[in-house]
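Throughout the sequence shown, residue numbering follows this note's numbering, covering 626 to 736 in sequence.
Here the structure comes first, spelled out in structure tokens, and everything after it is commentary.
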Amino acid sequence: ALNENDLESARSALDEAKEKGLTADRELEYNEAVYLEKNGEWQKAYDSFSQYCNRYPEDTEAARELTFLENRVKALGANPLLSATEQRTGKRHHKYVRKNRVKKPAPSPWD
Numbered sequence: 626a627l628n629e630n631d632l633e634s635a636r637s638a639l640d641e642a643k644e645k646g647l648t649a650d651r652e653l654e655y656n657e658a659v660y661l662e663k664n665g666e667w668q669k670a671y672d673s674f675s676q677y678c679n680r681y682p683e684d685t686e687a688a689r690e691l692t693f694l695e696n697r698v699k700a701l702g703a704n705p706l707l708s709a710t711e712q713r714t715g716k717r718h719h720k721y722v723r724k725n726r727v728k729k730p731a732p733s734p735w736d
């Protein structure tokens, strides 16, 4: 669901996995951090990726995401007005995209 930017389904799947007690699962931790990032919750995503990278320092993709989020959080933190605006518009933007996204039809095997 995360790869398809279906954040509502992704949130449901993450919550269901947590209810089943999979809180220490590596893939679940990574996907939770990705969900937070895609949902525009930059500080929470940074915190999640930071915790993940401390546990799994060999994951270079996660380290790259952590660097990206660190830069974003620093930039937003330096300007309180920008930070508040970014948090509001980021979430609104994601809701708008999810609501109005046009799904591409699957390619036909006859083409």
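Glycine included, each C-beta is placed from N, C-alpha and C at the ideal position.
Where LYS645 falls: helix, strand or coil (DSSP) = Along the sequence shown, one-based indexing puts residue 645 at 20. When DSSP states are grouped into helix, strand and coil, LYS645 belongs to the coil group.
Run of the alpha helix (DSSP H) containing ASN586, from where it starts to where it stops | This structure cannot speak to residue 586, because the chain is shown only from 626 to 736.
Limits of the alpha helix (DSSP H) - the one that ASP684 falls within | The residue you call residue 684 lines up with position 59 of the sequence shown. Segment: none, ASP684 is in no alpha helix (DSSP H) and carries neither H nor E.
Nearest to LEU691 (by Cα), restricted to the options ALA700, LEU701, ALA638 and SER673 = The residue labelled residue 691 in the question sits at position 66 within the sequence shown. Ranking ALA700, LEU701, ALA638 and SER673 by CA distance to the CA of LEU691 puts SER673 first.
Please classify GLU666: does DSSP put it in a helix, a strand, or coil?
-> For the purposes of this step, residue 666 is taken as the residue at position 41 of the sequence shown. Coil, per DSSP.
Same chain only: Cβ atoms within 7 Å of TRP667, ignoring 5 sequence neighbours per side | Working through the sequence shown from its first residue, we reach residue 667 at position 42. For TRP667, where only same-chain residues beyond five positions count, the Cβ hits under 7 Å are LEU694, ARG697, VAL698 and LEU701.
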